[in-house]
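Notes to accompany the following structure.
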Amino acid sequence: MPQDLRHAIRQLFRAPGFAAIVIVTLALGIGANTAIFSVVDAVLLRPLTYRDADRLVVVYGSTREDQEVSPVPADFLALKTRSHTLEKVAGFREWNFNVRDGQRTEQVYGAVVSPDFFPLLDVAPRLGRTLVPDGEGHLAGSELIISEGYWRSKLHGATDVLGRTLVVDGRSLTVVGVMARQFAMPSGAQFWVPSPFRVPPHPLRPTEDPSALRSSNYFTTIARLAPGATAATARQEVFEILRDMAAPVADQEPVLGASLVPFRLNEVGDSRVALLILFGAAAVLLLIGCANLANLFLADATARQREWTVRLALGASRGRLVRERLVASLLLAGLGGLAGLLIAEWGVAILQAMAPTEIGAMIDPSPDIRVLGFTAAISLLTGIAFGVGPVLFSTQTDLAGGLRAGGKGAGDAPGRRRTRGILVVAEVSLALVLAIGAVLLGKTFTRVQGMQTGLDPDRLLTIGLVLPAASYPTTASRALFADRVLNQMKQVNGVTSASVVSRLALAPGSSTRSIALEGSNGSAGLSLEPDYLTAGPDYLRSMGITLQAGREFAANDRDGAPAVAMINQAMARKLWPSASAIGQRFRIDGDTAWREVVGVTADVRQRGFDRAPRPTFYVPFAQDPWTRLTVVVRARSSVVEIQRNAAAAIQRLDRDLAVSDIRPMTEVMAASLTERRFNLTLIGLFAGSALLLAIVGVYGVISYTVTQRTREVGIRMAIGAESRQIVAMIVRQGGGLAGAGILIGIAGSVLLTPVLRGMLFDITPTDLATYAEVSGVVMLVALAACYQPARRVTRVDPAIVLRSE
388 MPQDLRHAIR QLFRAPGFAA IVIVTLALGI GANTAIFSVV DAVLLRPLTY
438 RDADRLVVVY GSTREDQEVS PVPADFLALK TRSHTLEKVA GFREWNFNVR
488 DGQRTEQVYG AVVSPDFFPL LDVAPRLGRT LVPDGEGHLA GSELIISEGY
538 WRSKLHGATD VLGRTLVVDG RSLTVVGVMA RQFAMPSGAQ FWVPSPFRVP
588 PHPLRPTEDP SALRSSNYFT TIARLAPGAT AATARQEVFE ILRDMAAPVA
638 DQEPVLGASL VPFRLNEVGD SRVALLILFG AAAVLLLIGC ANLANLFLAD
688 ATARQREWTV RLALGASRGR LVRERLVASL LLAGLGGLAG LLIAEWGVAI
738 LQAMAPTEIG AMIDPSPDIR VLGFTAAISL LTGIAFGVGP VLFSTQTDLA
788 GGLRAGGKGA GDAPGRRRTR GILVVAEVSL ALVLAIGAVL LGKTFTRVQG
838 MQTGLDPDRL LTIGLVLPAA SYPTTASRAL FADRVLNQMK QVNGVTSASV
888 VSRLALAPGS STRSIALEGS NGSAGLSLEP DYLTAGPDYL RSMGITLQAG
938 REFAANDRDG APAVAMINQA MARKLWPSAS AIGQRFRIDG DTAWREVVGV
988 TADVRQRGFD RAPRPTFYVP FAQDPWTRLT VVVRARSSVV EIQRNAAAAI
1038 QRLDRDLAVS DIRPMTEVMA ASLTERRFNL TLIGLFAGSA LLLAIVGVYG
1088 VISYTVTQRT REVGIRMAIG AESRQIVAMI VRQGGGLAGA GILIGIAGSV
1138 LLTPVLRGML FDITPTDLAT YAEVSGVVML VALAACYQPA RRVTRVDPAI
1188 VLRSE
């Protein structure tokens, strides 16, 4: 074996070009697959850290076919007491906490959890203990659990962390435990704060017990299936409980169904399909690379067949030749695998930075044993396949015939030429499938970006704030804070207008409310459930939203004043298609006051570029002030000039308030496209790499074929054939291979249309223009790859060729 290794190293240095191409091709294919596998493994495959994690589910009900909602507090408590198929039920509400450290305050993402949260998960902390309910099922309100990431990055891994006090939302909380880095519920959380009630507190009424609420779905319900219970029986029982709870409540929509979503799938959401598609694209890239390598090794085996035949004639055994070739191939595969691992490590870091937040939080940049095993398996398999196959195939000729054969191309049998041609056709077809997918995604991205959002993002600054319940416990205190903030903003030099809103357009999250129309027995409008926003005076002007009719909110639209609302055109068309919406009245579910419509606004794509504007209504922020709000500031020239002064103005009002979520609206809009950009970038890279490898394959086969046909070309030119005829003949050969690959690729793309359909917008997966454009480009590039070797062979002097024969 050492002798074989030395021989392999000599061969590597004797043909450095061949070795470099093999190593780079393997590194590219293995690196891309390993990087994507690392992400897929972290997000979809790696076992969760919770006991019997496959029995953890997220509970939803539905009042219409296209919408799933979390149970309201009263339903949540009913599930805890009445369900026999759910062993435990717990809830958590995601939240951004204001955490003060000395003179600096920052926002930290985490969750407010119900008493059964940690007992349900049954997971041990890295340090200390979890939140443990007392004998009456309540949690100590002054305790805090932190993540290992926060402990190491913010507290520098202090050994005395247990017992340390942190000021969180204006309250002093004591750290009693540190969760291991693998713990991720919800994904990316760094703090877990106990709820003072049996359910997480309502964000708008944090000091009131919400247990009896039936009109707000504001937290996530998780459960563990009881031993022996199936998901089907549990789902049926949950549906019956939710239906029975809703039945006696006046004006409440009936529950149509329930669903129990496995926790991992709930966290990943739609990204699961996209990740699997990306994994498939990486696998296709590896297949194309392997086809290229197969062509390279077949060509090399053909060139060395006479050498092997001579060695066999002199007494060398086939086993010795196979062993030498296998060691050389494994050496190249090993080097390619190591290079691929380096590419993968670099790629995972890039993927983590590019990925949507919920995916990025799950990715661990350090590869584990699965990833290393995956890389080693690919390297080993490619080494064996390309090492053993060609030498076995090439040493099956009879020795006498092999020794009589001479000249260039001896032994290049028609079977091998067909094999190489088939491999090139496969490369082109696979590359075309990826290229068509990439172009479709690119067109989707361009069209999504080009959609009119209904607002003007230029010179618009956004500042996300979360008001601590301890400091702002009442609606009056929150409304007063908003007034003070707007007064401060208007004094900042360079600000033309400012306002506040409960949910920023194109940012994650949504809020809906059921409504009833006046004069319709309180029933019309219940099934509409429009989006609900609270906004301050000057909101439309600050956001650049057009007022279509009526008026905008004024400073005197406050608590105690007449209840008013603005609605968008979509809601006006839906509810009052043949009459003016101005002056119409409706009531929000759970309220007693009728709200008068005083303004109609242009439609805004509140939930995303690719989501049509939904019916939406606005109420004055002072009449329903939220604890979570966004300050929007319109600048005269540039947001950069006002950003620091705007943040400082808020800090002067309350130093315990974090002003860390401050971004231009253009960045908010770009962030809403993160998932599409992530998918497009990766598919585009894979498609570009695949097309490059396929063209290299076409070039390699044509170049090698031309070399084998030098004698034939010389004879043709000697008897009068012109150079352009020779070039045309060779280009036709390459074009035929590329054409066959294109036809197969088109068929494959059509078959795979259902896979891409969910990732496209405003374009069909079988868009003829895309298929024609991509096919034309691939054919032109393939023909260009054939032209150079064809021109090269026509420059050979026929007399020299004939004399050499």
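The opening position of the sequence shown corresponds to residue 388 in our numbering, with each subsequent residue numbered one higher.
Ideal placement from N, C-alpha and C gives every residue a C-beta, glycine not left out.
Where Met953 sits in the DSSP three-state scheme:
Against the sequence shown, residue 953 aligns to sequence position 566. It is a strand residue.
Quick one: grab the DSSP three-state call for Glu535. Residue mapping note: residue 535 aligns to position 148 of the sequence shown, counting from 1. In the structure shown, Glu535 sits in a helix (DSSP, three-state: H, G or I).
Residues that DSSP places opposite Thr492 in a beta bridge
As a first step, residue 492 is located in the sequence shown; it is residue number 105 there, counting from the start. Bridge partners of Thr492: Arg487.
- Can you tell which of Ser858, Leu827, Ala957 and Ser816 has its C-alpha closest to the C-alpha of Val1085? In the sequence shown, the residue the question calls residue 1085 occupies position 698. Nearest C-alpha to Val1085: Ser816.
Query raised in the report: Is it buried or exposed for Gly851, if we count other Cβ within 10 angstroms and need 16 for buried?
Result: As a working note, residue 851 is residue 464 in the sequence shown. Per the 10 Å Cβ criterion, buried.
ask   = Where do the ends of the alpha helix (DSSP H) carrying Phe606 lie?
value = What you label residue 606 is simply residue 219 of the sequence shown in a count that begins at 1. First-last for Phe606: undefined, no H or E at that position.
Using only the alpha-carbon positions, how far apart do Leu827 and Val1168 sit? For this step, residue 827 is matched to residue 440 along the sequence shown. For this step, residue 1168 is matched to residue 781 along the sequence shown. Computed Cα separation, rounded: 20 angstroms.
_Mapping the DSSP letters down to three states, classify Ala1036 as helix, strand or coil._
Locating residue 1036 in the sequence shown gives position 649, where the first residue counts as 1. Of the three classes helix, strand and coil, the one that applies to Ala1036 here is helix, per DSSP.
Spatial neighbours of Arg1077 in its chain, beta-carbon cut-off 6 angstroms, leaving aside the 5 residues before and after | By one-based count along the sequence shown, residue 1077 stands at place 690. The sequence as given places Ala at residue 1077; Arg does not occur at that position. A distance below 6 angstroms between beta-carbons, with the five flanking residues on each side excluded, links Ala1077 to the following residues of its chain, in chain order: Leu672, Ile675, Ala818 and Leu821.
Whole-angstrom distance between Asp1149 and Arg834, CA atom to CA atom: Here residue 834 is taken as the residue at index 447 of the sequence shown, counted from 1. Here residue 1149 is taken as the residue at index 762 of the sequence shown, counted from 1. Distance between the alpha carbons of Arg834 and Asp1149 is about 7 angstroms.
Requested in this report: Grab me the residues of Glu939's own chain with a C-beta within less than 8 angstroms of its C-beta, minus the 5 sequence neighbours each way, in chain order.
Outcome: The residue you call residue 939 lines up with position 552 of the sequence shown. For Glu939, same chain residues with a beta-carbon under 8 angstroms away, outside a window of 5 residues either side, are Pro924, Asp925, Tyr926, Leu927, Arg928, Met953 and Gly986 in chain order.
**Request:** Output the distance between the C-alpha atoms of Leu725 and Ala414, rounded to the nearest integer angstrom.
**Result:** For this step, residue 725 is matched to residue 338 along the sequence shown. For this step, residue 414 is matched to residue 27 along the sequence shown. Their backbone Cα atoms lie some 8 angstroms apart in a straight line.
> What distance in whole Å lies between the Cβ atoms of Gly1087 and Leu683, which are believed to be in contact at a cut-off of 8 angstroms?
Replying inline: Residue numbering aside, residue 683 sits at position 296 when the sequence shown is read from its first letter. Residue numbering aside, residue 1087 sits at position 700 when the sequence shown is read from its first letter. With a Cβ gap of about 7 angstroms, Leu683 and Gly1087 count as contacting.
Going by DSSP in three states, Gly793 sits in which element: helix, strand or coil? As a position in the sequence shown, residue 793 is number 406, starting the count at 1. Bear in mind that the predicted position of Gly793 carries a pLDDT of just 46, short of 50, making it too unreliable to give a figure here.
#### Entry: First through last residue of the alpha helix (DSSP H) which encompasses Tyr1158
For this step, residue 1158 is matched to residue 771 along the sequence shown. Where Tyr1158 is concerned, the enclosing alpha helix (DSSP H) stretches over Leu1155 to Thr1181.
- Task: Determine the direct distance from the alpha carbon of Ala1057 to that of Gln1030, and round the result to whole angstroms.
- Result: As a position in the sequence shown, residue 1030 is number 643, starting the count at 1. As a position in the sequence shown, residue 1057 is number 670, starting the count at 1. For Gln1030 and Ala1057, the distance between alpha carbons rounds to 19 angstroms.
Q) Along the chain, where does the alpha helix (DSSP H) that runs through Ile408 open and close? A) Walking along the sequence shown from the start, residue 408 turns up at place 21. Ile408 -> alpha helix (DSSP H) spans Pro403 to Val427.
Check: Apart from the five residues just before and just after Pro590, which ones in its own chain have a Cβ nearer than 8 angstroms to its Cβ?
Finding: For the purposes of this step, residue 590 is taken as the residue at position 203 of the sequence shown. Arg480, Trp482, Tyr605, Trp1013, Thr1014 and Arg1015.
Notebook entry, point to check: How would you label Ala813, buried or exposed, when you count the other beta carbons within 10 angstroms and need 16 or more for buried?
Noted result: Taking the sequence shown and counting its residues from 1, one reaches residue 813 at position 426. Counting every other CB atom within 10 Å of its CB across the protein chains shown gives Ala813 a total of 16 or more, marking it as buried.
Val991, enclosing beta strand (DSSP E) - first and last residue | Translated into the one-based positions of the sequence shown, residue 991 becomes position 604. It is not in any beta strand (DSSP E) - Val991 carries neither H nor E in the DSSP assignment.
Check your understanding: For Gly977, which of Gly575, Ala511, Gly416 and Ala599 has the nearest alpha-carbon?
Key -> Looking up residue 977 in the sequence shown gives position 590. Residue Ala599 is the option with its Cα nearest to Gly977.
Exercise for the section: Mind reading off the beta-carbon distance from Asp1048 to Asn485? Whole number of angstroms is fine, and I expect it under 8 angstroms. Expected result: Here the question's residue 1048 lines up with position 661 in the sequence shown. Here the question's residue 485 lines up with position 98 in the sequence shown. With a Cβ gap of about 11 angstroms, Asp1048 and Asn485 do not count as contacting.
| query | In whole angstroms, what separates the C-alpha of Leu904 from that of Phe973? | reply | As a first step, residue 904 must be located in the sequence shown, where it is residue number 517. As a first step, residue 973 must be located in the sequence shown, where it is residue number 586. If I take the Cα positions, the gap works out to 4 angstroms.
inquiry  = Can you tell me whether Gly794 is buried or exposed? The criterion is at least 16 other CB atoms within 10 Å of its CB, across all chains shown.
reply    = Numbered from 1 along the sequence shown, position 407 holds the residue referred to as residue 794. Only weak support exists for where Gly794 lies, its pLDDT of 45 falling under 50; the value from the coordinates is given anyway. Exposed, because fewer than 16 other Cβ atoms sit within 10 Å of the Cβ of Gly794.
Note to self: If we define contact as Cβ-Cβ less than 8 angstroms, is Thr1140 a contact residue for chain D?
What the structure shows: No chain D appears in the structure shown, which is made up of a single protein chain.
Practice item. Helix, strand or coil for Trp733, going by three-state DSSP, please let me know. Key: The count along the sequence shown starts at 1 and reaches residue 733 at position 346. Reduced to three states, the DSSP call for Trp733 is helix.
Worksheet entry | Outcome for Leu526 when other beta-carbon atoms lying within 10 angstroms are tallied against a minimum of 16 | Translated into the one-based positions of the sequence shown, residue 526 becomes position 139. Buried, because 16 or more other Cβ atoms sit within 10 Å of the Cβ of Leu526.
How many whole angstroms separate the CB atoms of Phe1004 and Thr840, which I take to be in contact at a CB cut-off of 8 angstroms? Counting from one through the sequence shown, the residue named residue 1004 turns up at place 617. Counting from one through the sequence shown, the residue named residue 840 turns up at place 453. With 8 angstroms as the limit, Phe1004 and Thr840 do not qualify as a contact, their Cβ atoms being about 19 angstroms apart.
**Report entry** Status (buried if at least 16 other CB within 10 Å, exposed otherwise) for Ser967
**Finding:** Within the sequence shown, numbered from 1, the residue matching residue 967 stands at position 580. Exposed: under 16 other Cβ atoms inside 10 Å.
Query - Beta-carbon proximity of Ala661 to Asn1066, cut-off 8 angstroms - result: Taking the sequence shown and counting its residues from 1, one reaches residue 661 at position 274. Taking the sequence shown and counting its residues from 1, one reaches residue 1066 at position 679. If you check the CB distance, Ala661 and Asn1066 come in under 8 angstroms.
**Request:** Just tell me which of Ile771, Ala678 and Val872 has its CA closest to the CA of Thr806.
**Result:** Along the sequence shown, read from residue 1 onward, the residue named residue 806 stands at position 419. Looking at the Cα atoms, Ala678 is the closest of the given residues.
Enclosing alpha helix (DSSP H) for Tyr926 [first to last residue]: Along the sequence shown, read from residue 1 onward, the residue named residue 926 stands at position 539. Tyr926 to Met930 is the extent of the alpha helix (DSSP H) around Tyr926.
Hey, how far is the Cα of Asp1011 from the Cα of Ile765? What you label residue 1011 is simply residue 624 of the sequence shown in a count that begins at 1. What you label residue 765 is simply residue 378 of the sequence shown in a count that begins at 1. Those two C-alpha atoms are separated by around 59 angstroms.
Review point. Could you give the C-beta distance for Ile823 and Thr1157, rounded to a whole number, given that I count them as a contact under 8 angstroms?
Key: Indexing the sequence shown from 1 puts residue 823 at position 436. Indexing the sequence shown from 1 puts residue 1157 at position 770. Ile823 to Thr1157, Cβ: 6 angstroms. Contact.
Val1118, enclosing alpha helix (DSSP H) - first and last residue
Counting from one through the sequence shown, the residue named residue 1118 turns up at place 731. Taken as a continuous stretch (DSSP letters only), the alpha helix (DSSP H) holding Val1118 covers Ser1110 to Leu1138.
Among the candidates Ala1045, Ala1081 and Val1118, whose CA atom is the shortest distance from the CA of Gln490?
Position 103 of the sequence shown, counted from the first residue, corresponds to residue 490. Comparing Cα-Cα distances from Gln490 to each of Ala1045, Ala1081 and Val1118, the minimum goes to Ala1045.
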